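Residues in the sequence shown are numbered from 28 upward in steps of one, following this note's numbering. All residues carry an ideal CB built from backbone N, CA and C; glycine is no exception. Just so it is clear, the structure is predicted and the values come from calculations on it, not from any experiment.
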Amino acid sequence: MISKSPRSRNPAGHAGLLENLLAVVSALAELFESRFALLAQESKVAAVQLLILVGCLIFALLLCALGYVFLITGVVVGLAHLVGVSWPWIALAAAAVHFVFALVLLLVARSRITKPLFHATLAELKKDREWLKNLDATNQSTS
């Protein structure tokens, strides 16, 4: 008599719980690996874009500074020619005006920096320290 093969316990052919859990963990690992690879690739692209942006901003500031220098030079030469005065005297006057503006800006910055930063945060930290001191004093008096 031909013996029949024993029937499988799972007639539908589905995997068991352990196999399903391993498949889910493997799928999640592949998902996270692909997402991290995508993140790494995009972060490299973002870093390049950020470097290009910073380079453009620095170069733009340099060009603005050079443009300002040429503008002041043109104004000094134009005024000297218009008024009929030697250009070094006009240049000295322009330098004095710039130094006065710089002094005013430094005084404004000094007045701003004397005001404490993070006033509300510092007040809350001070309250927290007082509360901790009172808590320690209360604990010491009860023991």
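For this session: Could you tell me whether the stretch 116 to 124 touches the stretch 96 to 105, using the rule of 3 or more Cβ pairs below 8 Å?
Result: yes
For this session: Determine the direct distance from the alpha carbon of N161 to that of K154, and round the result to whole angstroms.
Result: 11 Å
For this session: Please state if the CB of A122 and the CB of W114 are separated by a distance shorter than 7 Å.
Result: no
Exercise. What are the boundary residues of the alpha helix (DSSP H) that includes S61?
Worked result: 44 to 110
Exercise. If you run the structure through DSSP and keep just helix, strand and coil, what is K142?
Worked result: coil
Exercise. What distance in whole Å lies between the Cβ atoms of L149 and P143, which are believed to be in contact at a cut-off of 8 Å?
Worked result: 7 Å
Exercise. Once you ignore the five residues that flank S53 on each side, which residues in its own chain have a CB closer than 6 Å to its CB?
Worked result: none
Exercise. Is S168 helix, strand or coil when you go by DSSP?
Worked result: For S168, the secondary structure class from DSSP, reduced to helix, strand or coil, is helix.
Problem set entry | Alpha carbon of N166 to alpha carbon of T141, nearest angstrom | 39 Å
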